[in-house]
Structures are given as C-alpha cells and as structure tokens.
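Report on the structure given below.
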Amino acid sequence: MEKPGLPSGTRDFAPDVMLKRKYIMGAIESVFRLYGFLPLETPAMENLRTLQGKYGDEGDQLLFKILNNGDFLSKADVDALEKRDSKKVLQSISDRGLRYDLTVPLARFVVMNRDKITFPFKRYQMQQVWRADRPQKGRYREFWQCDADVVGSDSVLNEVDLVKIYDEVFSILQLPVTIRINHRILFDAFADYLGGGNALQRLMQLVDKNDKIGFEGVKKEMESSGIQHAVSFWQFLFETNALHSNHAKLDAIRSHPGGDSGLLEDACADLERIFSLVKTKQNFILDLTLARGLSYYTGAVFEVVPSAESLPENFQIGSIGGGGRYDNLTGVFGLKDVPGVGISFGLDRIYDILDAAKLFPEISGNDVRVLICPMLETCIPMAFELVNILREGNISAEVYPGAVKIKKQLDYANQRKIPFAAIIGEEELKNRNISLKNLNSGEQHNYPIIQIPEHLHLWQF
36 MEKPGLPSGT RDFAPDVMLK RKYIMGAIES VFRLYGFLPL ETPAMENLRT
86 LQGKYGDEGD QLLFKILNNG DFLSKADVDA LEKRDSKKVL QSISDRGLRY
136 DLTVPLARFV VMNRDKITFP FKRYQMQQVW RADRPQKGRY REFWQCDADV
186 VGSDSVLNEV DLVKIYDEVF SILQLPVTIR INHRILFDAF ADYLGGGNAL
236 QRLMQLVDKN DKIGFEGVKK EMESSGIQHA VSFWQFLFET NALHSNHAKL
286 DAIRSHPGGD SGLLEDACAD LERIFSLVKT KQNFILDLTL ARGLSYYTGA
336 VFEVVPSAES LPENFQIGSI GGGGRYDNLT GVFGLKDVPG VGISFGLDRI
386 YDILDAAKLF PEISGNDVRV LICPMLETCI PMAFELVNIL REGNISAEVY
436 PGAVKIKKQL DYANQRKIPF AAIIGEEELK NRNISLKNLN SGEQHNYPII
486 QIPEHLHLWQ F
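Here my numbering is used: the first residue of the sequence shown is 36, the next is one more, and so on.
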C-alpha cells in the first residue's frame, strides 16, 4: 500500500492553523474594504505566453508548466526531443502554467477589461501562487499573496492610503513594525555622478545587500566595484539614514552636490507630501538604504519589517510586506502609460511571527453553541425539532449522530468546546421538556422545548 505524502514545498493547514490564518486574512481584507478596494480573483492557470518574459530568465525557470491535454507527445517537437532540448520540447507540449504572482494576472485583466473598468481601479486579491523554487524553511512552492493595487492614477495620494493600510493592519494584529519608504528617483538623480545607468543599477544591487552583509560588507564590495564615488556615496547614505527625522534626511540629500536638482526635488516633493498626510501608529521612516525592488519600481518603494521587540529571542525573519509604484504595468500587453502602485502582505511570515511571539488572540475553533444529545432512538425526531428551532433563531447547534451513552456525547461536546448540551431522554420526550446543561458551570435545568432559545440568551451564551 502506498504511503500518502505531500508534494515537496506544499503544506496541509489543519483547522487550528486555518483559523489563525483566517484571522490574519480577515484583518487584511477588512482594511482593504475600508479603504475602498474591491476584490478580484483570476484563474490559477494562465496562458504561458502571458507569464513568460515577465519575471526575467530566473523567473521563467520557476514557472510551473501544465502539460497539454490528450496525447501531448504526438504534437511534441521531434527534432527537439532528439536533441534533448527540454526548453523547446516544453514549448511544444505545454501552453499553460500556474500563476507566479498576482501582478501579471492583474495587468492582463486590466488590458482585457479596460472598457469596463472604472479608473482609478482599486483592487485587492488574496490567492495562491506557485513557484518551482527549491523548498526550504520559510520558502514554499505554493503560498498565498495578499495584494492591493491602484491602477490608472499617478497621484501620490494613493501611496498615502497604502501606507495607512499597512499601519492599520499591523495595529489590528498588535504586531509592532517599521514601515520603510524610499524613492527610486532619489537614486536616479545620482546616475551621472556614479558613472551612468549601468553603474547605478550595480550600486542599487550592492545597497540591497545591506540587510545581509551590513555596512562594512557593502563598503568592501563598493571598493572593488569600479563605480565612481561609490564608497563616499554609500557613506553618505548610511550617515544620512541615522539623522533624527525624515525631513532632516530629505534636507541632507537635497544638499548633496552630486545629485540632479530637478530629479531630487521631484522625489523629495513626493515624500514630503506623503509624510505630511500620513499619521501612523507604527514607526514610519525614510530609509535611504532600502533598494529592494528599485530596479522594477519607478517611484516610491515600501518595505515592512517587524520591530525587534516583537520578535522572540534568536528569531530571524525578513520583510513581511513590500510594494511600490510602477509606471507601465500594462505595457507588456500593449497598453501603454497606465501607472499603478501596490503593496503586498507576506501572510506566511506574519503567521510565523504571531505564532512564535504568542500574539494570536484566543480563537475559538468552534461556532457550535449547543450539542443536542438524544439518549434513545425515539428521541431523535425531537432532537431535530429542537435543532431547527435553534438554527431559525440564529443559534448554531448540532445533533449528536446517534443515541449513544450520554458520557460519550458530553465528552465530545467538551472536546469540541461546545458550552451547552440539550439532553433528551425518555422523561423529556414524554413531557416535551429539554434538560439544558451549562457544561462550563455544571448548572442544569429543564425547560419546555420552545423556551430553549430564550433561556440560552438569559445564560448569556
């Protein structure tokens, strides 16, 4: 007999885990709706031509491909098979793949429905994505993304709302975080100073290593990079980051002689507008060393990290949210000049932190308030009469499936944490009374069947 197992990089979520995940997702979704975002779902699979070429060569390698239906080998590229060219063989036998993220499906949806959508289009999407990555701790082949995007508006007021969404959600979850913001144009302003666009791209890649190898590690790589002014610029970024306020940081970067004053003013104006309009409960800082995603984003970029005090000792984890502005979301599908900005929540990492730090509230795994216990087969019709009365009164109840010993039925209720038992025996059946027992206090009384909802409410069930 084959031993059951899971595909590598996937997980089951038991009911107790699902309740906690639903708690997180409920908090996120409630704030999305509060801020006017509407739900969107897209298919788990997309045409491969929709997915390929959107994530770079590495991303294309991580796409899960779906074999064509029927006798797919009969349509395979024979020449490619003989040459063992797996890439070309796949192209001939697979037309579809599982979605890699939620952004490309959003772009495809916007292009296909642009005549029906009201712009700015504010959508949120909470669905699974799949990546053929090497599974390891905290990295899975199947996982959830929780995204919110505004498409069709270049107003910085959208960034204000997205920062506030992060602030609201993590405050609801009672998880202290730091919301970090930077701006791609702040780096663009120094392209000539650093030696051109390629040098700028390389510098941003090195800055992105700061969280992993620290200031000295980045400095060492800057020294051997061949990028002009790289070391002094890195020193400047690091020292400016230590200033006491966001406005002081902006003043410092404005005054750097190597920057393009027009670009610097554009970026600083965006950031000043955001800082002036956003009032957060959480820590919200300008982080000039935040370079993650700057090669993709065109304006503001966000990252959320848990505050040190929220993490258990020796617990290490990366960012739990991120996003930014992109100017040409739909350009890859032929619809030019459609700006957008979006954020994402890292559901799995948020779960790991809340679980490790014991920050989850007490979450009941059961909505059933009353277990109806028939002691005889002849009591079962009356049990179903009562369960119908309770459900019509919006009281969650269930009938134990069988007239077994009362101890077994009450043990079941206690294990399920059902607070009340409605016991029906021979006497109750004859008198049309119900023996209602509070399983927490042990208190027990007999009431007419029709009065059970009233007495449950009196007991503040």
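Cβ atoms here follow ideal geometry from the backbone N, Cα and C, with glycine treated the same way.
C-beta contact flag for Val242 and Lys254 at 8 Å: For the purposes of this step, residue 242 is taken as residue 207 along the sequence shown, with counting starting at 1. For the purposes of this step, residue 254 is taken as residue 219 along the sequence shown, with counting starting at 1. No.
Cut-off 8 Å between Cβ atoms - residues of its own chain near Asn473, not counting five sequence neighbours on either side: The residue given as residue 473 occupies position 438 in the sequence shown. Pro454, Phe455, Gln479 and Trp494, listed in sequence order.
Where Ala283 falls, given that 16 or more other Cβ within 10 Å makes a residue buried: Indexing the sequence shown from 1 puts residue 283 at position 248. Exposed, since its Cβ has fewer than 16 Cβ neighbours within 10 Å.
Distance, Ser470 Cα to Leu346 Cα: Translated into the one-based positions of the sequence shown, residue 346 becomes position 311. Translated into the one-based positions of the sequence shown, residue 470 becomes position 435. For Leu346 and Ser470, the distance between alpha carbons rounds to 49 Å.
Buried versus exposed, by CB contacts within 10 Å (16 or more), His218: Numbered from its first residue, the sequence shown carries residue 218 at position 183. Result: buried.
Simplified DSSP assignment, three categories, for Ala287: The residue you call residue 287 lines up with position 252 of the sequence shown. Ala287: helix per DSSP, three-state reduction.
6 Å CB neighbourhood of Ala224 in its chain, flanking five on each side removed: What you label residue 224 is simply residue 189 of the sequence shown in a count that begins at 1. Only Gly294, Asp295, Leu298 and Leu299 meet the Cβ criterion.
DSSP state of Asn423 mapped onto helix, strand, coil: Within the sequence shown, residue 423 is the residue found at index 388, counting from 1. DSSP places Asn423 in helix when its eight states are reduced to three.
Burial state of Gln160 (16 or more Cβ within 10 Å): Working through the sequence shown from its first residue, we reach residue 160 at position 125. Looking at its Cβ environment, which holds 16 or more other Cβ atoms inside 10 Å, Gln160 is buried.
Residues that DSSP places opposite Pro483 in a beta bridge: Taking the sequence shown and counting its residues from 1, the one referred to as residue 483 is at position 448. Pro483 is bridged to Asn468.
Beta-carbon proximity list for Leu394, same chain, < 8 Å, skipping 5 on both sides: Mapped onto the sequence shown, residue 394 falls at position 359. Around Leu394, the same chain offers Leu208, Gln209, Leu210, Ser345 and Ile388 as residues with beta carbons nearer than 8 Å, after the five sequence neighbours per side are excluded.
Nearest-angstrom Cα separation, counted from Glu397 out to Val434: Here residue 434 refers to the residue found at position 399 when the sequence shown is read from its first residue. Here residue 397 refers to the residue found at position 362 when the sequence shown is read from its first residue. For Val434 and Glu397, the distance between alpha carbons rounds to 26 Å.
Beta-carbon proximity list for Ser431, same chain, < 6 Å, skipping 5 on both sides: Indexing the sequence shown from 1 puts residue 431 at position 396. Excluding sequence positions up to five before and after Ser431, its CB lies within less than 6 Å of the CB of Asp402, Val403 and Arg404, all in the same chain and listed in chain order.
Residue closest to Gly334, alpha-carbon to alpha-carbon, out of Asn363, Ser354 and Val146: Numbered from its first residue, the sequence shown carries residue 334 at position 299. Closest option to Gly334, Cα to Cα, is Asn363.
Simplified DSSP assignment, three categories, for Asp223: Indexing the sequence shown from 1 puts residue 223 at position 188. In the three-state reduction of the DSSP assignment, Asp223 falls in the helix class.
8 Å Cβ shell around Pro483 - same chain, five flanking residues per side excluded: Taking the sequence shown and counting its residues from 1, the one referred to as residue 483 is at position 448. Counting only Cβ-Cβ distances below 8 Å, and skipping sequence neighbours, we find Arg467, Asn468 and Ile469.
Check whether Ile101 and Gly132 have beta carbons under 8 Å apart: Mapped onto the sequence shown, residue 101 falls at position 66. Mapped onto the sequence shown, residue 132 falls at position 97. Yes; because the gap between Cβ atoms is below 8 Å, this pair is in contact.
Ser280 versus Arg384 - alpha carbon distance: To locate residue 280, count along the sequence shown from 1; it is residue 245. To locate residue 384, count along the sequence shown from 1; it is residue 349. Near 29 Å, if we compare the C-alpha coordinates of Arg384 and Ser280.
Distance CB(Ile63)-CB(Val204) smaller than 8 Å: Position 28 of the sequence shown, counted from the first residue, corresponds to residue 63. Position 169 of the sequence shown, counted from the first residue, corresponds to residue 204. Yes; because the gap between Cβ atoms is below 8 Å, this pair is in contact.
Selection from Arg426, Gln444 and Ser379 that minimises the alpha carbon distance to Pro409: Looking up residue 409 in the sequence shown gives position 374. For Pro409, the nearest C-alpha among the options comes from Gln444.
Identity of the residue in Gly375, Leu425, Leu382 and Glu412 nearest Tyr58 by Cα: Taking the first residue of the sequence shown as 1, we reach residue 58 at position 23. Nearest option by C-alpha distance: Leu382.
C-alpha distance - Phe67 paired with Arg158, whole-angstrom precision: The residue labelled residue 67 in the question sits at position 32 within the sequence shown. The residue labelled residue 158 in the question sits at position 123 within the sequence shown. Phe67 and Arg158 have their C-alpha atoms roughly 9 Å apart.
Which listed residue (Leu425, Tyr447 and Gln450) has its alpha carbon closest to that of Ile487: Stepping through the sequence shown from its first residue, residue 487 is reached at position 452. Checking every option, the nearest Cα to that of Ile487 belongs to Leu425.
Reduced DSSP category for Ile407 - H, G, I as helix; E, B as strand; rest coil: The residue given as residue 407 occupies position 372 in the sequence shown. If DSSP states are grouped into helix, strand and coil, Ile407 belongs with the strands.
Residue burial classification, Ile248 (beta-carbon count within 10 angstroms, cutoff 16): Locating residue 248 in the sequence shown gives position 213, where the first residue counts as 1. The residue is exposed, with fewer than 16 neighbouring Cβ atoms inside 10 Å.
C-alpha gap between Val312 and Leu306, whole angstroms: The residue given as residue 312 occupies position 277 in the sequence shown. The residue given as residue 306 occupies position 271 in the sequence shown. In the sequence under discussion, the amino acid at residue 312 is Leu, which differs from the Val named in the question. About 10 Å.
Integer-rounded CB distance, given that Gly187 should sit under 8 Å from Phe144: The residue labelled residue 144 in the question sits at position 109 within the sequence shown. The residue labelled residue 187 in the question sits at position 152 within the sequence shown. About 13 Å; that fails the 8 Å criterion.
First and last residue of the uninterrupted alpha helix (DSSP H) at Asn233: The residue you call residue 233 lines up with position 198 of the sequence shown. Where Asn233 is concerned, the enclosing alpha helix (DSSP H) stretches over Gly232 to Val242.
Whole-angstrom distance between Asn104 and Lys122, CA atom to CA atom: Locating residue 122 in the sequence shown gives position 87, where the first residue counts as 1. Locating residue 104 in the sequence shown gives position 69, where the first residue counts as 1. Lys122 and Asn104: Cα-Cα distance of roughly 19 Å.
Length at least 4, wholly inside the stretch 241 to 278: the alpha helix (DSSP H) runs in chain order: Listed in chain order, the complete alpha helix (DSSP H) runs (minimum 4 residues) inside the stretch 241 to 278 are 245 to 258 and 265 to 276.
Proximity winner among Arg327, Ala326, Ser206 and Asp168, relative to Leu97 (alpha-carbon distances): As a position in the sequence shown, residue 97 is number 62, starting the count at 1. The residue with the shortest Cα to Cα distance from Leu97 is Asp168.
Counted within 10 angstroms of its Cβ, other Cβ atoms place Glu463 as buried (16 or more) or exposed: Residue 463 sits at position 428 when you count from the first residue of the sequence shown. With 16 or more other Cβ atoms within 10 Å, it is buried.
Whether Ile262 touches Leu229 by CB criterion (8 Å): Within the sequence shown, residue 262 is the residue found at index 227, counting from 1. Within the sequence shown, residue 229 is the residue found at index 194, counting from 1. Contact: yes.
Beta bridge counterpart(s) of Gly356 as assigned by DSSP: Here residue 356 refers to the residue found at position 321 of the sequence shown. Looking at the DSSP assignment, Gly356 forms a beta bridge with Val339 and Phe380.
Environment of Asn193 [buried if 16+ CB atoms lie within 10 Å]: Residue numbering aside, residue 193 sits at position 158 when the sequence shown is read from its first letter. That one is buried.
Run of the beta strand (DSSP E) containing Ile152, from where it starts to where it stops: In the sequence shown, residue 152 corresponds to position 117, counting from 1. Annotation: Ile152 is outside any beta strand (DSSP E) and is labelled neither H nor E by DSSP.
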